[in-house]
Amino acid sequence: MKTVIDIPDDAILSYVPPETVCAIGALTSNWHICEFMVELLICDCLRIEASVGAILTTPMGNVTRIDVLESLAHVEEPNHQVRDRLLFGAKLFNRNRENRNAVVHGMIDFEGENNTLHFVKRDIYKGIRRR
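Okay, so the sequence shown: first residue is 415 according to the working numbering, each after it adds one.
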């Protein structure tokens, strides 16, 4: 079985199908847009300009940003339909954050005669497990 460790640094992308490399790039690019939208939602709930909100949100990780957005939805949003949508969006964001992290921060593993590509989730507490 080949692993990333067995592949020279300058050849890593030649082992990953181009469509996979493009998909990971698209995922990363689209995820950046999602993160920015969360920042804008926080600013909207606080009724502040995005430039000011960036001062607050830039040092935050995504888990903290979603915690803040959920808290603001409960405290600041009087319209229960809007609040429910914000909370549902936060739930989806968290689920997608985990999936995105598994792909973008995971390890690539190859096995079998055809070098089938797998993403492996790194978990320092539970060892490595196949996705």
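Note that CB positions come from ideal geometry on N, CA and C, so glycine has one too. Only a predicted model underlies this, so the values are computations on that prediction, with no experimental measurement involved.
Apply the 10 Å Cβ neighbour rule to residue 542 and answer buried if 16 or more other Cβ atoms are within range, or exposed otherwise.
-> Per-residue confidence for residue 542 stands at a pLDDT of 49, beneath the threshold of 50, marking its modelled position as unreliable; the derived number appears in the next sentence. Around the C-beta of residue 542, fewer than 16 other C-beta atoms lie within 10 Å, and the residue is accordingly described as exposed.
Residue span of the alpha helix (DSSP H) that contains residue 471, given as start and end = Unbroken alpha helix (DSSP H) run through residue 471: 464 to 471.
Quick one: is residue 482 buried, meaning 16 or more other Cβ sit within 10 Å of its Cβ, or exposed?
-> Residue 482 comes out buried.
Can you name, in chain order, every residue of its own chain whose Cβ lies under 6 Å from the Cβ of residue 504, other than the five neighbours on each side?
-> Here the set comprises 480, 483 and 484.
Residue 477 versus residue 432: straight-line alpha-carbon distance, rounded | Taking the straight line joining both Cα atoms gives about 31 Å.
Residue 474 to residue 430, Cα distance in whole Å?
-> Between residue 474 and residue 430, the C-alpha separation is close to 32 Å.
Tell me whether the beta-carbon of residue 486 lies closer than 8 Å to the beta-carbon of residue 460.
-> Taking 8 Å as the Cβ cut-off, residue 486 and residue 460 qualify as a contacting pair.
At what residues does the alpha helix (DSSP H) containing residue 490 begin and finish?
-> It spans 476 to 490 - the alpha helix (DSSP H) in which residue 490 sits, taken as one unbroken run.
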